[in-house]
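The structure appears right after this line, and notes come after that.
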Amino acid sequence: MSFVIDPPLLLLCGLAIYFLGQRLKWSRHAKIVVGLAVALVFIVFSFLLYADIIDCAFPFFSELSGSRFMFHSDITGIEKSEVPKIIVLFLFLLYPIWILAGYSIPMLLKKRSRVSKEVFSYSEVKSRKGAGPESTGQIDRGSQSEPLEADSGAYSLGEEEKASDSAKGSSYSVRRGQDTRQCVFEAIEELGGIGRFVKKNDKVLVKVNICGGVPDKKGTFTSIEVADALADLILSAGGEPTFADADMIWVKFWSAAKDSGYVDWAEKKGVRLANLSETEIVNFDFGRESALGIEKVSKELIDADVIVSVPAMKTHLLTGVTLAMKNMYGTFPDIDKAKFHKMGIEETILAVNSAFTPNLVIIDGSVGGEAVGPLSATPVNFQTIIASNDVVMADSLACRLMGYDPMEIVHIKMGQETGLGSASPDPTKKILSHVESGEKDGNWERPDSKIKDFYEWAVELILMFPGWATLFNLGADFLLYDTARLPVLNYLVPTILKLLHDFFDANLKGIKSTTGDITRRVVNICLIGLVALGCAIGYYQDGYIYKSSLLFELSFLLAIAVAALASARMKTIHTIVLLAISSLVCYVVESTNIKAGLLEYLQKSGSNDVTIFTISGWIVMMVVILQLSDFLAAWLKRLEIFQEMKSWRMLPFLVAVSFFILFAFWEGYLVADKIHVWGMYAVMAALGLIYFWKHPIEWNASIIAVSVALGGYMELLGWRAGFWTYTPHHETLPVFFVLSWALNSMAVHGLAYILGVDLGDRERRRLWPEKKEKVGQQAVIASRRVEH
Numbered sequence: 027m028s029f030v031i032d033p034p035l036l037l038l039c040g041l042a043i044y045f046l047g048q049r050l051k052w053s054r055h056a057k058i059v060v061g062l063a064v065a066l067v068f069i070v071f072s073f074l075l076y077a078d079i080i081d082c083a084f085p086f087f088s089e090l091s092g093s094r095f096m097f098h099s100d101i102t103g104i105e106k107s108e109v110p111k112i113i114v115l116f117l118f119l120l121y122p123i124w125i126l127a128g129y130s131i132p133m134l135l136k137k138r139s140r141v142s143k144e145v146f147s148y149s150e151v152k153s154r155k156g157a158g159p160e161s162t163g164q165i166d167r168g169s170q171s172e173p174l175e176a177d178s179g180a181y182s183l184g185e186e187e188k189a190s191d192s193a194k195g196s197s198y199s200v201r202r203g204q205d206t207r208q209c210v211f212e213a214i215e216e217l218g219g220i221g222r223f224v225k226k227n228d229k230v231l232v233k234v235n236i237c238g239g240v241p242d243k244k245g246t247f248t249s250i251e252v253a254d255a256l257a258d259l260i261l262s263a264g265g266e267p268t269f270a271d272a273d274m275i276w277v278k279f280w281s282a283a284k285d286s287g288y289v290d291w292a293e294k295k296g297v298r299l300a301n302l303s304e305t306e307i308v309n310f311d312f313g314r315e316s317a318l319g320i321e322k323v324s325k326e327l328i329d330a331d332v333i334v335s336v337p338a339m340k341t342h343l344l345t346g347v348t349l350a351m352k353n354m355y356g357t358f359p360d361i362d363k364a365k366f367h368k369m370g371i372e373e374t375i376l377a378v379n380s381a382f383t384p385n386l387v388i389i390d391g392s393v394g395g396e397a398v399g400p401l402s403a404t405p406v407n408f409q410t411i412i413a414s415n416d417v418v419m420a421d422s423l424a425c426r427l428m429g430y431d432p433m434e435i436v437h438i439k440m441g442q443e444t445g446l447g448s449a450s451p452d453p454t455k456k457i458l459s460h461v462e463s464g465e466k467d468g469n470w471e472r473p474d475s476k477i478k479d480f481y482e483w484a485v486e487l488i489l490m491f492p493g494w495a496t497l498f499n500l501g502a503d504f505l506l507y508d509t510a511r512l513p514v515l516n517y518l519v520p521t522i523l524k525l526l527h528d529f530f531d532a533n534l535k536g537i538k539s540t541t542g543d544i545t546r547r548v549v550n551i552c553l554i555g556l557v558a559l560g561c562a563i564g565y566y567q568d569g570y571i572y573k574s575s576l577l578f579e580l581s582f583l584l585a586i587a588v589a590a591l592a593s594a595r596m597k598t599i600h601t602i603v604l605l606a607i608s609s610l611v612c613y614v615v616e617s618t619n620i621k622a623g624l625l626e627y628l629q630k631s632g633s634n635d636v637t638i639f640t641i642s643g644w645i646v647m648m649v650v651i652l653q654l655s656d657f658l659a660a661w662l663k664r665l666e667i668f669q670e671m672k673s674w675r676m677l678p679f680l681v682a683v684s685f686f687i688l689f690a691f692w693e694g695y696l697v698a699d700k701i702h703v704w705g706m707y708a709v710m711a712a713l714g715l716i717y718f719w720k721h722p723i724e725w726n727a728s729i730i731a732v733s734v735a736l737g738g739y740m741e742l743l744g745w746r747a748g749f750w751t752y753t754p755h756h757e758t759l760p761v762f763f764v765l766s767w768a769l770n771s772m773a774v775h776g777l778a779y780i781l782g783v784d785l786g787d788r789e790r791r792r793l794w795p796e797k798k799e800k801v802g803q804q805a806v807i808a809s810r811r812v813e814h
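Counting from 27, one number per residue, gives the positions in the sequence shown under the numbering used here.
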């Protein structure tokens, strides 16, 4: 095993796992366990070779040591000592990726073989001839004036609120009771019976929620009781039902269908169960104005005479709720649904419902899911079934029963505004006055709004980077699905997300972007990319790569990642000013200290100069200090530590400067022949004085604390690694240089402030959203839908 031989072997292992899994009918978790076990064996054995803990005993290579075999030094000429440990770590981390790549190759080839080049349009969708209400102007809202009536254990709304007898208008029915089947029967009967929707020999595509849930947790997927009742009704009308869903990021259809009981049920029932990701895939033209353009869909959607959306009634981290409209999003056959987040999740939901509008909606609220949905939702025994011929009306009614204003849910609001349906049923109080009330009526626990914002922000940030969609899929796969099924972690996911939010809360507001903001982010990240490139080049040129301090390198890589994150939140002018002034201050401070004999860089060439690595490293440090100060300042503000000390804004400055002078004296740096050094630091302190006078104490304290902590950490790592040393020579790290980072930040921020760019003003520095109404664009889509 070696870094040259292992990748092709691991690719072959991935291929073997795929085909063996198909042949032996391994479950998804079985394949994961096998893949991880293979990767672990390769990593452990290869590491033992690399560390020369074991000898190489392979034929033809026995004369090589373990480490020389790992690099094939006899052929490549590369020795272990020449390769930084960070590179070795990266190579080992690639091992499971090689297996995944091998496993994915046949999947991608199989997928491509099913995709037709044909392009279909709205006019070719068979179900559109009877999709939804023919006239959104004829909405029967129902007066709901009659009292609640009980029948066979099911509770219905009063007679006058029953479904409209008009086949043209929007209508709905709500039934409640312990007998779920009876509720489904009565709800559809109130709409006019199944014969209103299904005719003899009609192909009926029933989109149930299977992959969007967790088989071990009721309320996260459509119950089989609802599916069974609907199947009986469709069969009685002479229809040909197909119950379907598509592979999702976190789970494959057949494993979820088997675990949730759908496979056994379909076999006993004699109905077809279909994975839309495995059906014939065609291209569909959603229209130029649509968020999707031309996108792949299952031909089952186009050929169906009737489409029925049967979602589970639950909350959702990204979209607030996941009901009938969101359920149709699950019909996309592409496993990589991360791309739809880039296009706009709400716009995508509207587009798919506009093209493939459900003829009938049955919302399964027998057991719903609240709190951190869709996968970590808490079950709610709601005993409610909602039926409608209007997907927007059904969703809006379910929202009200859950405690949401339908206009809070973006895709429902868009559906109302574009004429897809009506989001205006009777107010909640009227609905609740005619059903048996319960403690959860209008009182479902929502995902914490802060967690929701964090999750949405994190998804958008990850997908902003090219090629990171796969990372998002894999991360979501584990975090959302696998952890929701594990005995202990299933209870920890909401807490983990909450903790992550608390850490990143300072970044949440205003993260939604306009097109211009996205362009600025790309520019900013490219600038940080150039700085990172400068770091890498300087690190090599100065000879530090041969000293190979793993902790320093890992820390620096993390700092670069944080710097990229920070730049993505900033306006370009602030990014450019921060980079330029950091470079200037770095050159002045470092060259002054070097010439004064206080600092010596141990460079490969034997020189002691300010290099590209020094300047690039300073830039990264200053961006990271700014980012972490944002976090700390927001946290301090929430804690209200300085609530009664608003006028003490200069306290952090005085403390930092006082200790800086004291330690300079104690450590022997405060001497008369260094007057030019102290003149420089005096100017830096003056810039800090001006800057701190104009900013709140929370920010001033944060910038000092983060600068000293982070600067001291990197000073220690670089000194211990032998990248630089201090004179007079110290056996320990001089505290003077640690505290000097407070003045370094003062100088950068103060100089920027004088030039008119306030790096401490978060609201001016950050990219804030421009609220834009998209109704005009979506109205065009609606008109296209009507024309067809």
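All residues carry an ideal CB built from backbone N, CA and C; glycine is no exception. Quantities reported herein were computed from a predicted structural model and do not represent experimental measurements.
In this structure, how does DSSP classify H98 when only helix, strand and coil are distinguished? Counting from one through the sequence shown, the residue named residue 98 turns up at place 72. It is coil, neither helix nor strand.
Sort out for me which residues DSSP pairs P405 with in a bridge. Sequence index remark: in the sequence shown, residue 405 carries index 379 (1-based). For P405, which the question treats as bridged, DSSP gives the partners G395.
Pairing CB atoms from the stretch 114–126 with CB atoms from the stretch 291–301, are three or more of them under 8 Å? no
Reduced DSSP secondary structure (H/G/I, E/B, other) of L662: Reading the sequence shown from its first residue, position 636 is the one you call residue 662. L662: helix per DSSP, three-state reduction.
Pick from V406, D416, T637 and D360 that is closest to S380, judged by C-alpha positions: As a first step, residue 380 must be located in the sequence shown, where it is residue number 354. Looking at the Cα atoms, D416 is the closest of the given residues.
Mapping the DSSP letters down to three states, classify R298 as helix, strand or coil. The count along the sequence shown starts at 1 and reaches residue 298 at position 272. DSSP places R298 in strand when its eight states are reduced to three.
Roughly how many angstroms lie between the CA atoms of E160 and D784, to the nearest whole one? Here residue 160 refers to the residue found at position 134 of the sequence shown. Here residue 784 refers to the residue found at position 758 of the sequence shown. The pLDDT assigned to E160 is 46, lower than 50, so where the model puts this residue is not dependable; a value taken from the coordinates is nonetheless given after this. Those two C-alpha atoms are separated by around 57 Å.
Cα separation between R788 and T374? The residue given as residue 788 occupies position 762 in the sequence shown. The residue given as residue 374 occupies position 348 in the sequence shown. About 32 Å.
Please list the terminal residues of the continuous beta strand (DSSP E) segment that includes R202. Residue mapping note: residue 202 aligns to position 176 of the sequence shown, counting from 1. Where R202 is concerned, the enclosing beta strand (DSSP E) stretches over Y198 to G203.
Which whole-angstrom value describes the C-beta separation of I723 and W674, a residue pair presumed to lie in contact below a C-beta threshold of 8 Å? Numbered from 1 along the sequence shown, position 697 holds the residue referred to as residue 723. Numbered from 1 along the sequence shown, position 648 holds the residue referred to as residue 674. So it is a contact: roughly 6 Å between Cβ atoms.
Helix, strand or coil: which one does DSSP assign to L231? Position 205 of the sequence shown holds residue 231. L231: strand per DSSP, three-state reduction.
Using a threshold of 8 Å, state whether the C-beta atoms of E616 and T640 are closer than that. Residue 616 sits at position 590 when you count from the first residue of the sequence shown. Residue 640 sits at position 614 when you count from the first residue of the sequence shown. In contact: E616 and T640 (Cβ atoms closer than 8 Å).
What are the residues that DSSP puts in a beta bridge with W750? Residue numbering aside, residue 750 sits at position 724 when the sequence shown is read from its first letter. Answer is Y627, bridged to W750.
Between E826 and N353, what straight-line distance do the alpha-carbon atoms span, to the nearest angstrom? Nothing in the structure corresponds to residue 826, since the chain is present only between 27 and 814.
Taking the alpha-carbon positions, what's the C612 to K700 distance? Translated into positions along the sequence shown, residue 612 becomes position 586. Translated into positions along the sequence shown, residue 700 becomes position 674. Rounded to whole angstroms, C612 to K700 spans 19 Å at the Cα level.
Does DSSP put S130 in a helix, a strand or coil? Sequence index remark: in the sequence shown, residue 130 carries index 104 (1-based). If DSSP states are grouped into helix, strand and coil, S130 belongs with the helices.
Evaluate the contact criterion for the stretch 422–431 versus the stretch 206–223: three or more CB pairs, one atom per stretch, below 8 Å. no
Cutting at 7 Å between CB atoms, please list the residues of its own chain near V549, excluding the five before and the five after it. Working through the sequence shown from its first residue, we reach residue 549 at position 523. The answer, listed in chain order, is T598.
Quick one: is I43 buried, meaning 16 or more other Cβ sit within 10 Å of its Cβ, or exposed? Stepping through the sequence shown from its first residue, residue 43 is reached at position 17. Flag for I43 reads buried.
Short of 6 Å in beta carbon distance, which residues of its chain neighbour L525, apart from the five on each side in sequence? Order them along the chain. Taking the sequence shown and counting its residues from 1, one reaches residue 525 at position 499. Its pLDDT being 46, under 50, L525 is placed unreliably in this model, and the coordinates cannot settle the point.
Would you call the CB atoms of A272 and L318 closer than 8 Å? Taking the sequence shown and counting its residues from 1, the one referred to as residue 272 is at position 246. Taking the sequence shown and counting its residues from 1, the one referred to as residue 318 is at position 292. Contact flag unset, no.
Hey, would you say P384 sits closer than 8 Å to A350, going by beta carbons? For the purposes of this step, residue 384 is taken as residue 358 along the sequence shown, with counting starting at 1. For the purposes of this step, residue 350 is taken as residue 324 along the sequence shown, with counting starting at 1. Yes.
Would you give the residue range spanned by the beta strand (DSSP E) that K340 belongs to? Here residue 340 is taken as the residue at index 314 of the sequence shown, counted from 1. Unbroken beta strand (DSSP E) run through K340: A338 to H342.
From I113, G103, M96 and L90, pick the residue whose C-alpha is nearest to that of S575; which is it? Along the sequence shown, read from residue 1 onward, the residue named residue 575 stands at position 549. When only C-alpha atoms are compared, the closest one is I113.
Buried or exposed for V30, going by 16 or more other Cβ atoms inside 10 Å? Looking up residue 30 in the sequence shown gives position 4. Exposed: under 16 other Cβ atoms inside 10 Å.
S107: first and last residue of the uninterrupted alpha helix (DSSP H) it sits in: Counting from 1 along the sequence shown, the entry for residue 107 is found at position 81. Looking at the DSSP string, S107 is not in any alpha helix (DSSP H), and its letter there is neither H nor E.
What are the uninterrupted segments assigned as alpha helix (DSSP H) that are 4 or more residues long and contained completely in the stretch 539–600, given in chain order? 541–567 and 576–593
Close beta carbons around I411, own chain, < 6 Å, minus the five adjacent residues each side: What you label residue 411 is simply residue 385 of the sequence shown in a count that begins at 1. If we look at I411 and ignore the five residues flanking it on each side, its Cβ neighbours are R201, C209, V210 and A213.
Could you give the DSSP three-state label for E693: helix, strand or coil? Numbered from 1 along the sequence shown, position 667 holds the residue referred to as residue 693. In this structure, E693 counts as coil in the three-state DSSP scheme.
Considering only DSSP beta bridges, list what K322 is partnered with. Along the sequence shown, read from residue 1 onward, the residue named residue 322 stands at position 296. N309.
Using a Cβ-Cβ cutoff of less than 7 Å, which residues in the same chain neighbour I131 once the five nearest sequence positions on both sides are dropped? If you number the sequence shown from 1, residue 131 lands on position 105. Excluding positions up to five away in sequence, the list reads L41.
Return the chain-ordered list of same chain residues with a C-beta closer than 8 Å to the C-beta of I388, the five sequence neighbours on each side being excluded. In the sequence shown, the residue the question calls residue 388 occupies position 362. V210, A213, I214, V252, L256, V334, S335, V336, I411, I412 and A413.
Assuming the contact rule is C-beta atoms closer than 8 Å, V646 and A589 should be a hit. Round their C-beta distance to whole Å, please. Translated into the one-based positions of the sequence shown, residue 646 becomes position 620. Translated into the one-based positions of the sequence shown, residue 589 becomes position 563. The Cβ separation is near 5 Å, so the contact holds.
Specify the secondary structure class of V277 as computed by DSSP and reduced to three states. Locating residue 277 in the sequence shown gives position 251, where the first residue counts as 1. Coil at V277, not helix or strand.
C-alpha distance - V614 paired with G643, whole-angstrom precision: Stepping through the sequence shown from its first residue, residue 614 is reached at position 588. Stepping through the sequence shown from its first residue, residue 643 is reached at position 617. Distance between the alpha carbons of V614 and G643 is about 15 Å.
Using 8 Å as the Cβ pair cut-off and three pairs as the minimum, do the stretch 737–750 and the stretch 675–689 touch? no
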